[in-house]
């Protein structure tokens, strides 16, 4: 496992929650993080759950906490998913779900994780060819590892969240945006 992650900074820590906005507001109040950018019902042009076509309707809130981005994610539709793998549907459970790494070659890194016994629980694309993967590292790390490439769109979101956090005084803690 170490050779898969060593030398790569964790760019994000993500939590599965029932309500991304409430979770973000609680984090702002407790830790002074933020502001949080909320994207509702993020469209996916492709979604594979453990290799099979699937539906995933999810919303996320992204904020900055020191040097790391925090994401809160909620699943809006019923059914199996990498989120429900750890937090079963209807259980009311929530908590840490994944950390994210930016990789230069998504397919090659997915293959490296899979060769080490960590299958892709989710492969999805927000636009054709702009994908991300949730690698199942639960047995060894207790959580998933998300992989994605440094596309201009992705880096733009990271830059927006980080720059908005500079001088953040707690006002206007929830901001809306779309991921298209």
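In our numbering, the protein residues as written are 1 to 180. Cβ atoms here follow ideal geometry from the backbone N, Cα and C, with glycine treated the same way. Owing to the predicted nature of the structure, the values given are computational and were not obtained by experimental measurement.
For this session: Would you decide whether residue 180 is buried or exposed? Buried here means 16 or more other CB atoms lie within 10 Å of its CB.
Result: Exposed: under 16 other Cβ atoms inside 10 Å.
Exercise. Taking all protein chains shown into account, do 16 or more other C-beta atoms lie within 10 angstroms of the C-beta of residue 171, making it buried, or fewer, making it exposed?
Worked result: Around the Cβ of residue 171, a 10 Å sphere holds fewer than 16 other Cβ atoms; the residue is exposed.
Exercise. Alpha helix (DSSP H) containing residue 98: first to last residue?
Worked result: Where residue 98 is concerned, there is no enclosing alpha helix (DSSP H), although the beta strand (DSSP E) it sits in stretches over 95–102.
Exercise. Pick from 41, 74, 129 and 115: whose alpha carbon is nearest that of residue 136?
Worked result: Looking at the Cα atoms, 115 is the closest of the given residues.
Exercise. So what's residue 31 in DSSP terms, helix, strand or just coil?
Worked result: Looking at residue 31 - three-state DSSP - the assignment turns out to be helix.
Exercise. According to the neighbour-count rule (16 or more other Cβ atoms, all chains shown, within 10 Å of its Cβ), is residue 56 buried or exposed?
Worked result: Under this definition residue 56 is a buried residue.
Exercise. For residue 156, does the three-state DSSP call read helix, strand or coil?
Worked result: Here residue 156 sits in helix by DSSP.
Problem set entry | Sub-7 angstroms separation of residue 101 and residue 149 beta-carbons | No; because the gap between Cβ atoms is not below 7 angstroms, this pair is not in contact.
Problem set entry | DSSP beta-bridge partners of residue 137 | Paired residue(s): none; residue 137 is not in a bridge.
Exercise. Do the CB positions of residue 33 and residue 79 come within less than 7 angstroms of each other?
Worked result: In this structure, residue 79 does not lie closer than 7 angstroms to residue 33 by Cβ.
Exercise. What does residue 166 pair with, by DSSP beta-bridge criteria?
Worked result: Its beta-bridge partners do not exist; DSSP assigns none.
Exercise. Between residue 103 and residue 154, what straight-line distance do the alpha-carbon atoms span, to the nearest angstrom?
Worked result: The straight-line gap from Cα to Cα measures roughly 12 angstroms.
Exercise. With 16 as the cutoff for other CB atoms within 10 Å, does residue 169 come out buried or exposed?
Worked result: The residue is exposed, with fewer than 16 neighbouring Cβ atoms inside 10 Å.
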